[in-house]
Amino acid sequence: MIEPIIAALTIVAFVAGFLLVVVSWSQDAILEKYYRESVITTLEEPGYLPEPIGKVSEKIIIDSGNRFSPLRTYLLKKWAQIKGERVPPVILVFGLFSDEEKKAFLIQQAFVSIVDLSLIDLDFSESMIHYLAYQYSFRSDKIEEKVCSILRRGFENCKYRKQLLNLDSIEFSSKVVLNPPPLRKPVLTNLVLPMIREKEKEVLDGDLTLGQIEQWKSFFMTLIEALSSERCAVLFIGYRMPEEYFLMYEENFGRFDFFIFGARGKFVPYVQLICKQIEGDFLEKWNRKYERWEISGVWEFKDEELEDAKWIVFQKKELIEDRI
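Each residue of the sequence shown is one higher than the one before, starting from 20 at the first, in our numbering.
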């Protein structure tokens, strides 16, 4: 009589365990589907951000940290290898959090590869992840209100909240760009991120030493502070005569501690010529106490033609010494 009872309990335990695995795996699969359909589709829209250093993963594997997750993760990785696909990254999402908190976390993860840069402080990198996720949530009609609220609270607690709001404001950017182009864009995506992204490529190629990396990090963080506090002027070189750019520079010299001259496409050669002419004036007005920085690369936005780009920055020497 005891044997049938044991057999029945074994079957029940097996079925219960199987159902537990199915439920656990299905919850992870739901989050993976949410990531694909609610996050990636919006990020693929043209013009949202300059091309990131790292590619945003279109697929992910959720590991909820339970005892069945390792087996599921192993099977999904093997299946990707069998199909000849790139193995998706594994993202650990703890089961103690609410569903809304898990979704907010996944949205943030989509931006990690974009701002995982060696040339900015970790606090600024984390602030940007929070900001981009928060901004994204209000662009998309697929994000629930509770998820948006969680992302908003995360950004409100960020160290560089004020700086990011300024740099990503078109109205604020117009105060530091002395000749705003017809299609106005905020300096965060139109200047700061492209400059950092192009210099970051030298880090990835191993062309910068550790000392140079720290030097460029100090430069970019000082530049970000100067831009966000209106102590940096920007001039985009284009169709105007060189004398016009020199006049704009002269009229605004006393207001700023930084000057950035940028150009792309066919105007790249002209930025060198104009800066060579202006540099003599910096020698006189700043008593030779300045540093010149150059960054070359490409203009890489999804909705615009790929072009060469160059930025030349003049920085007061006292700012460099204060930073060190």
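The C-beta atom is built at its ideal place from N, Cα and C for all residues, glycine as well.
Where residue i falls, given that 16 or more other Cβ within 10 Å makes a residue buried
i, result
"residue 331", "buried"
"residue 147", "buried"
"residue 185", "buried"
"residue 311", "exposed"
"residue 160", "exposed"
"residue 307", "exposed"
"residue 176", "exposed"
"residue 52", "exposed"
"residue 181", "exposed"
"residue 322", "exposed"
"residue 236", "buried"
"residue 324", "exposed"
"residue 41", "Confidence is the limiting factor: at residue 41 the pLDDT is only 43, short of 50, which leaves the residue's position unreliable and the question unanswerable from this model."
"residue 335", "buried"
"residue 255", "buried"
"residue 354", "As shown, the chain starts at 20 and ends at 343. That puts residue 354 outside it, with no answer to give."
"residue 109", "exposed"
"residue 226", "exposed"
"residue 129", "buried"
Three-state secondary structure assigned by DSSP to residue i
i, result
"residue 203", "coil"
"residue 252", "strand"
"residue 187", "coil"
"residue 277", "strand"
"residue 112", "coil"
"residue 140", "coil"
"residue 47", "helix"
"residue 196", "strand"
"residue 243", "helix"
"residue 82", "strand"
"residue 320", "strand"
"residue 76", "coil"
"residue 290", "helix"
"residue 258", "coil"
"residue 159", "coil"
"residue 134", "helix"
"residue 102", "coil"
"residue 213", "helix"
"residue 235", "helix"
"residue 179", "coil"
"residue 129", "coil"
"residue 107", "coil"
"residue 148", "helix"
Cross-strand partners of residue i (DSSP beta bridge)
i, result
"residue 345", "What the structure shows of the chain is the stretch from 20 to 343, and residue 345 is not part of that stretch, so it cannot be assessed."
"residue 329", "282 and 315"
"residue 118", "Paired residues: none, contrary to the question."
"residue 310", "334"
"residue 174", "In DSSP, residue 174 forms no bridge with anything."
8 Å contact criterion, which residue i and residue j should meet: CB distance rounded
i, j, result
"residue 314", "residue 217", "6 Å"
"residue 278", "residue 252", "5 Å"
"residue 281", "residue 290", "7 Å"
"residue 260", "residue 198", "That pair is no contact at about 12 Å."
"residue 196", "residue 243", "Not quite, the Cβ-Cβ distance comes to about 16 Å (not below 8 Å), so this is no contact."
"residue 264", "residue 293", "5 Å"
"residue 163", "residue 119", "7 Å"
Residue i versus residue j - alpha carbon distance
i, j, result
"residue 207", "residue 112", "30 Å"
"residue 142", "residue 179", "8 Å"
"residue 104", "residue 80", "14 Å"
"residue 231", "residue 240", "14 Å"
"residue 246", "residue 276", "10 Å"
"residue 333", "residue 326", "23 Å"
"residue 305", "residue 271", "14 Å"
"residue 174", "residue 154", "9 Å"
"residue 122", "residue 328", "37 Å"
"residue 78", "residue 134", "19 Å"
"residue 158", "residue 139", "26 Å"
"residue 168", "residue 220", "35 Å"
"residue 88", "residue 94", "10 Å"
"residue 296", "residue 189", "30 Å"
"residue 205", "residue 223", "27 Å"
"residue 98", "residue 319", "34 Å"
"residue 187", "residue 107", "31 Å"
"residue 317", "residue 90", "43 Å"
"residue 50", "residue 248", "40 Å"
"residue 303", "residue 262", "19 Å"
"residue 192", "residue 298", "24 Å"
Residue-level contact to chain B via CB, residue i, 8 Å cutoff
i, result
"residue 122", "Absent here is chain B; the protein component of the structure consists of one chain."
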